[in-house]
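Visitor:
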Amino acid sequence: MASVWVFIEEVNATPSVLGLELLTKARTLGEVTAVYLGTGSDEAFAVLGEHGSSSVLHADSGDRLPSGPLASALAHRMAAEPPELILFGQAYTDRDVAGRLAARLGVGVLANASDVRLTDEGVETDHEIFGGSQIATASASKGPFLVLIRPKSFSAEATGGEAPSVISLDLPDVGVSEAKVVESHVEEREGPQLGDAGVVVAGGRGLGSAEGYELVEELAKQLGAATGATRAIVDAGWVPYAKQVGQTGKTVKPDVYIAVGISGAMQHLVGMKDAGTIVAINKDPDAPIFSVADLGIVGDVHKVLPQLIEALESR
1 MASVWVFIEE
11 VNATPSVLGL
21 ELLTKARTLG
31 EVTAVYLGTG
41 SDEAFAVLGE
51 HGSSSVLHAD
61 SGDRLPSGPL
71 ASALAHRMAA
81 EPPELILFGQ
91 AYTDRDVAGR
101 LAARLGVGVL
111 ANASDVRLTD
121 EGVETDHEIF
131 GGSQIATASA
141 SKGPFLVLIR
151 PKSFSAEATG
161 GEAPSVISLD
171 LPDVGVSEAK
181 VVESHVEERE
191 GPQLGDAGVV
201 VAGGRGLGSA
211 EGYELVEELA
221 KQLGAATGAT
231 RAIVDAGWVP
241 YAKQVGQTGK
251 TVKPDVYIAV
261 GISGAMQHLV
271 GMKDAGTIVA
281 INKDPDAPIF
291 SVADLGIVGD
301 VHKVLPQLIE
311 ALESR
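This note's numbering applies: residue 1 is where the sequence shown begins, and numbers increase by one.
1. Can you list the alpha helix (DSSP H) stretches of 4 or more residues lying completely in the region 204 to 239, in chain order?
2. Have a look at Leu169 and Ala46 and give me their C-alpha separation to the nearest angstrom.
3. In the structure shown, what three-state DSSP assignment does Ile262 receive?
4. According to DSSP, is Arg64 part of a helix, a strand, or is it coil?
5. The beta strand (DSSP E) with Gln134 in it runs from where to where?
6. Pick helix, strand or coil for Phe154, following the three-state DSSP scheme.
7. Hey, out of Ser61, Arg205 and Gly191, whose CA is closest to Ala179's CA?
8. In its own chain, which residues sit with a C-beta less than 7 Å from the C-beta of Leu101, not counting the 5 before and 5 after it?
9. Quick one: measure Cβ to Cβ for Arg205 and Gly261, integer angstroms, because I've assumed they're closer than 8 Å.
10. Which of the three DSSP states is assigned to Asp126 in this structure?
11. Please state the DSSP three-state secondary structure of Ala275.
12. Name the residue from Ala242, Ala140, Ile8 and Ala232 whose alpha carbon lies nearest to the alpha carbon of Val186.
13. Rank Asp120, Asp196 and Glu43 by C-alpha distance to the C-alpha of Met1 and give the top, closest one.
14. Kindly give me the distance between the Cβ atoms of Glu84 and Gly30, rounded to whole angstroms, as I take these residues to be in contact under 8 Å.
15. I think Val201 touches Thr227, with their Cβ atoms under 8 Å apart; what is that distance to the nearest whole Å?
16. Identify whether Arg117 lies in helix, strand or coil by the three-state DSSP scheme.
17. Which residues in the same chain as Glu217 place their Cβ atom closer than 7 Å to its Cβ, once the five residues preceding and following it in sequence are excluded?
18. Measuring CB to CB, does Leu207 end up less than 9 Å from Val301?
19. Can you list, in chain order, the residues of its chain whose CB lies under 8 Å from that of Ala236, leaving out five sequence neighbours each side?
20. For Pro285, which residues in the same chain have their Cβ closer than 7 Å to its Cβ, ignoring the five residues on either side in sequence?
21. With DSSP as the reference, label Thr33 as helix, strand or coil.
22. Can you look up Thr14 in the DSSP assignment and give me helix, strand or coil?
23. Check whether the region 124 to 136 and the region 21 to 36 touch, using three or more Cβ-Cβ pairs below 8 Å as the test.
24. Relative to the C-alpha of Phe88, which candidate in Asp294, Val4 and Gln267 has its C-alpha closest?
25. Around the Cβ of Arg315, are there at least 16 other Cβ atoms within 10 angstroms (buried) or fewer (exposed)?
26. Starting from Tyr257, follow its DSSP beta bridges and name the residues at the other end.
27. Could you work out which residue in Ala220, Ala44, Gly246 and Asn12 is closest to Thr230 when comparing CA atoms only?
28. Near Ala232, what residues of its chain come up, given a Cβ to Cβ distance below 6 Å and the 5 sequence neighbours on each side ignored?
29. Is DSSP giving Val174 helix, strand or coil here?
30. Please report how far the alpha carbon of Leu118 lies from the alpha carbon of Val182, in whole angstroms.
31. What is the C-beta distance between Pro164 and Ser53, in whole angstroms, given that I count them as a contact (C-beta under 8 Å)?
32. Could you spell out where the beta strand (DSSP E) holding Gly296 opens and where it closes?
33. Taking only the alpha-carbon atoms, compute the straight-line gap between Glu50 and Gly212 and give it to the nearest angstrom.
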């Protein structure tokens, strides 16, 4: 059976949702070891076991910037017991560790994949192109294979597995690559998190102004939803980057996605097209967003949204 490692970063004292998604896929490919970066706890390790990990390599970087030391530690361990495949998420720390590890191993990285398969020749990965309308397949024959997977490519599903064995992974000094985190800030957030929300209300340039985004926030409040945005209004400074949905932002897969004043550029569709139900509100009947919408409302968002909000308030 193939040996598969999965990189998982700790978020708020628990394994990240992205990491659990990768574990769900990894257990179909072979024997799974979680590379867990964070403080760690019996509860967190138990969650890893429930999602398919039989063992854990635990690394706690403390106040050190983790990517360099962790890549060095993994490369050293792989010299003795190399896995066939290591899965990383398409996220900041994952990409940093994967790139540094690839340089140390002298191998490439297959990035932005939506699926992965081990074959007799090596590894194959699927990649969405042209806004997800086409799938391109890439392959590599020289291992160990490092693959970066897009968020929401798989659903995180527990199997009820036993608690895994845990091995502490010491992080060495890496000289000029060494850095210390001297200060960190927690972003203030209200309501559901964009990446995990069951309902998302997102706004685009059709709102007309930053003040128009208040309609998105009010509708989201009525629905208990998270708020999102297109790159255009993020670049315009109307909302922070943390709300951006699309190719260069977050990938979301809610039960309901309400697109308000969003034309539906390909770069945005990539990040939300797999939502369960897509509702589009736009005054342009030919807007591309209607091609993926399950329900479309052709109308001015400044007239449609206030009526919708009023109807929800009266219920």
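Cβ coordinates follow ideal geometry from the N, Cα and C atoms, glycine included. Computed from a predicted model, the values in this text were never measured in an experiment.
Guide: This is what the structure gives:
1. 213 to 223 and 231 to 235
2. Looking up residue 169 in the sequence shown gives position 169. Looking up residue 46 in the sequence shown gives position 46. Computed Cα separation, rounded: 18 Å.
3. The residue given as residue 262 occupies position 262 in the sequence shown. Correct three-state label for Ile262: coil.
4. The sequence position of residue 64 within the sequence shown is 64, counting from 1. It is a strand residue.
5. The residue labelled residue 134 in the question sits at position 134 within the sequence shown. Here the beta strand (DSSP E) through Gln134 covers Gln134 to Ala140.
6. Position 154 of the sequence shown, counted from the start, is the residue given in the question as residue 154. Reduced to three states, the DSSP call for Phe154 is coil.
7. As a first step, residue 179 is located in the sequence shown; it is residue number 179 there, counting from the start. Ranking Ser61, Arg205 and Gly191 by Cα distance to Ala179 puts Ser61 first.
8. As a position in the sequence shown, residue 101 is number 101, starting the count at 1. Excluding positions up to five away in sequence, the list reads Ala71, Leu74, Ala75 and Leu146.
9. Taking the sequence shown and counting its residues from 1, one reaches residue 205 at position 205. Taking the sequence shown and counting its residues from 1, one reaches residue 261 at position 261. Their Cβ separation, rounded to whole angstroms, is 7 Å, which keeps Arg205 and Gly261 in contact under 8 Å.
10. Looking up residue 126 in the sequence shown gives position 126. Strand, per DSSP.
11. Within the sequence shown, residue 275 is the residue found at index 275, counting from 1. Of the three classes helix, strand and coil, the one that applies to Ala275 here is coil, per DSSP.
12. To locate residue 186, count along the sequence shown from 1; it is residue 186. Among Ala242, Ala140, Ile8 and Ala232, the Cα nearest to that of Val186 is on Ala242.
13. Position 1 of the sequence shown, counted from the start, is the residue given in the question as residue 1. Minimum Cα distance to Met1 is reached at Asp120.
14. Taking the first residue of the sequence shown as position 1, residue 84 is located at position 84. Taking the first residue of the sequence shown as position 1, residue 30 is located at position 30. Yes, they are in contact, since the Cβ atoms of Glu84 and Gly30 sit about 7 Å apart, within 8 Å.
15. Looking up residue 201 in the sequence shown gives position 201. Looking up residue 227 in the sequence shown gives position 227. So it is a contact: roughly 6 Å between Cβ atoms.
16. What you label residue 117 is simply residue 117 of the sequence shown in a count that begins at 1. Arg117: strand per DSSP, three-state reduction.
17. The residue given as residue 217 occupies position 217 in the sequence shown. Excluding sequence neighbours, Glu217 sits near Thr227.
18. Along the sequence shown, one-based indexing puts residue 207 at 207. Along the sequence shown, one-based indexing puts residue 301 at 301. A contact, by the Cβ cut-off of 9 Å.
19. Taking the first residue of the sequence shown as position 1, residue 236 is located at position 236. Arg205 and Ala210, listed in sequence order.
20. Against the sequence shown, residue 285 aligns to sequence position 285. For Pro285, where only same-chain residues beyond five positions count, the Cβ hits under 7 Å are Val298.
21. Taking the sequence shown and counting its residues from 1, the one referred to as residue 33 is at position 33. If DSSP states are grouped into helix, strand and coil, Thr33 belongs with the strands.
22. Residue mapping note: residue 14 aligns to position 14 of the sequence shown, counting from 1. In the structure shown, Thr14 sits in a strand (DSSP, three-state: E or B).
23. no
24. By 1-based counting over the sequence shown, the position of residue 88 is 88. The candidate whose alpha carbon is nearest that of Phe88 is Val4.
25. For the purposes of this step, residue 315 is taken as the residue at position 315 of the sequence shown. Answer is exposed; the Cβ neighbour count stays below 16.
26. Residue 257 sits at position 257 when you count from the first residue of the sequence shown. Per DSSP, Val200 and Ile278.
27. Indexing the sequence shown from 1 puts residue 230 at position 230. When each option's Cα is compared against that of Thr230, the closest is Gly246.
28. Counting from one through the sequence shown, the residue named residue 232 turns up at place 232. Once the five neighbours on either side are set aside, the close Cβ partners of Ala232 are Arg205.
29. Here residue 174 is taken as the residue at index 174 of the sequence shown, counted from 1. Correct three-state label for Val174: coil.
30. The count along the sequence shown starts at 1 and reaches residue 118 at position 118. The count along the sequence shown starts at 1 and reaches residue 182 at position 182. Rounded to whole angstroms, Leu118 to Val182 spans 41 Å at the Cα level.
31. The count along the sequence shown starts at 1 and reaches residue 164 at position 164. The count along the sequence shown starts at 1 and reaches residue 53 at position 53. That belief holds up - the Cβ atoms of Pro164 and Ser53 are roughly 5 Å apart, short of 8 Å.
32. Residue mapping note: residue 296 aligns to position 296 of the sequence shown, counting from 1. It spans Leu295 to Val298 - the beta strand (DSSP E) in which Gly296 sits, taken as one unbroken run.
33. By 1-based counting over the sequence shown, the position of residue 50 is 50. By 1-based counting over the sequence shown, the position of residue 212 is 212. Cα to Cα, Glu50 sits roughly 44 Å from Gly212.
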